[in-house]
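Q: This is the structure I want to talk about, given as structure tokens.
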Amino acid sequence: MKALQKILTLVVFPAIIVVLGYLLVASIMKPVRFEQEVDKRKDVAVERLKAIRTLEVAFKGEHGRFTASLDSLVDFYNNGEMTVVRQIGSMDDSLAVAQKRVRRDTMKVAIKDTLFKDQPNFIVDSIKYIPYGNGKEITMDAVIKSVSGVNVPLFEGTISYDDLLRGLDRQLIINLKAAQEDLGRYTGLKVGSVTTPNNNAGNWE
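Given below as structure tokens:
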């Protein structure tokens with residue numbers, strides 16, 4: 031009997047304490063690791079939506095409308111051109127202005143030679159896909175909406191948390207979505223809006 035008590039005291043009880051301690055730490059760290067992974071994935075997704083916004087604005091500048099087609103944006107980047115205005119001379123030089131030596135030239139430049147030059151690793155084909163989304167494409171929409179009697183082009187790109195956080199703890203995803211719904215917010219990341227003009231803002235801004 032004493033031998034059994036000794037075994038329980040020296041082996042079993044310490045082992046139980048170690049296991050309980052591990053489970054306690056794991057339960058504390060689980061939401062922390064979830065938040066870290068959410069932040070990592072959101073950072074990638076935000077950069078992708080920003081790239082879409084940049085291309086949409088350039089596309090609208092040339093076509094007078096936005097597009098709901100990511101393939102069209104990819105083609106626009108690879109093969110399209112945009113209009114730029116180059117000023118020759120300074121408007122601050124009153125003599126040059128008086129002598130009409132200040133002028134503006136309009137020229138066409140290739141999109142791929144103009145946009146994202148500060149991102150050497152930019153791959154345009156990647157803008158179509160949700161990061162960590164197992165090949166699923168970002169949802170796009172574009173409309174012409176009458177606002178106070180004026181036709182206003184609008185676009186919207188969305189990435190749901192269900193797709194962005196694929197493979198993470200399901201209950202923590204449900205909790206995150208519920209918190210967003212309680213605030214009346216979209217349960218994911220969104221840029222632009224096809225319901226209300228918002229200057230193409232992202233909901234992370």
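Residue numbers for the sequence shown follow the numbering used here, so the first one is 31 and each next one is one higher. All residues carry an ideal CB built from backbone N, CA and C; glycine is no exception. The model shown is predicted, which means the values in this text are computed figures rather than measured ones.
1. Consult DSSP for S176 and reduce its assignment to one of helix, strand or coil.
2. Can you name the residues that DSSP bridges to P183?
3. If I follow the unbroken alpha helix (DSSP H) through L202, where does it start and stop?
4. Find the nearest neighbour of G232 within the set V62, T84, V180, K158, judged by alpha-carbon distance.
5. Comparing the CB of N151 with every heavy atom of the ligand ZN, is any distance shorter than 7 Å?
6. Residues in its own chain within less than 7 Å of R237 by CB, not counting five upstream and five downstream?
7. Is there contact here, the segment 137-148 with the segment 171-191, by at least three beta-carbon pairs under 8 Å?
8. Between the Cα of L219 and the Cα atoms of R63, V62, V68, which residue gives the shortest distance?
9. To which residues of the same chain is F96 closer than 6 Å at the C-beta, ignoring the five residues directly before and after it?
10. Mind checking which residues open and close the beta strand (DSSP E) that includes V221?
11. Using only the alpha-carbon positions, how far apart do N228 and Q201 sit?
A: Reading it off the structure:
1. strand
2. I174
3. 200-212
4. T84
5. Summarising the ligand content, the structure contains no ligands, and the ligand ZN is consequently not present.
6. Nothing in the structure corresponds to residue 237, since the chain is present only between 31 and 235.
7. no
8. V68
9. E86, K90, A172, P183, F185
10. 218-222
11. 32 Å
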